[in-house]
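Numbering (our numbering), first residue to last: 1422 to 1546.
Glycine is no exception: its CB is placed at the ideal position from the N, C-alpha and C atoms.
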């Protein structure tokens, strides 16, 4: 009876080594996949937001929104600012404490570019 426990230990060890080798082999030889590259590239899709303006830059290039998650949005010529009724507005209409919503996109270097800024809460239907 003593040879069987040693045989079982050997078989168990061989099985364990086989499983760990089979699971680890793909990770050892994996190359960068398109999914990993896509995560590292800037986003061209619009990311929605809804928040309160914390600060407005005096030169009109940035606004900071959020309290828990603070985001700094860059304002460009392409950024569209709208009032609650849908009429276009100027940058001067933005001030700290104002509720805003809209969309931004992430550019290279982690810069967040505002696409749209809508002043006020979403109108009820």
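In the DSSP assignment, the residues bridged to residue 1483 are 1495. Residue 1491 and residue 1540 have their C-alpha atoms some 18 Å from each other. When the five nearest sequence neighbours on each side are left out, the beta carbons in the same chain lying within less than 6 Å of the beta carbon of residue 1472 are those of 1486, 1487, in order along the chain. When the five nearest sequence neighbours on each side are left out, the beta carbons in the same chain lying within less than 7 Å of the beta carbon of residue 1512 are those of 1481, 1496, 1502, in order along the chain. Bounds of the beta strand (DSSP E) holding residue 1527 are 1520-1527.
Per DSSP, residue 1473 is one residue of the beta strand (DSSP E) stretching across 1468-1477.
Where residue 1546 is concerned, there is no enclosing beta strand (DSSP E), because DSSP gives it neither an H nor an E. Counting other Cβ atoms within 10 Å of its Cβ, residue 1535 reaches 16 or more and is therefore classed as buried.
Around the beta carbon of residue 1474, a 10 Å sphere encloses 16 or more other beta carbons of the protein chains shown; the residue is thus reported as buried. Residue 1534: member of the beta strand (DSSP E) spanning 1533-1540, first to last residue.
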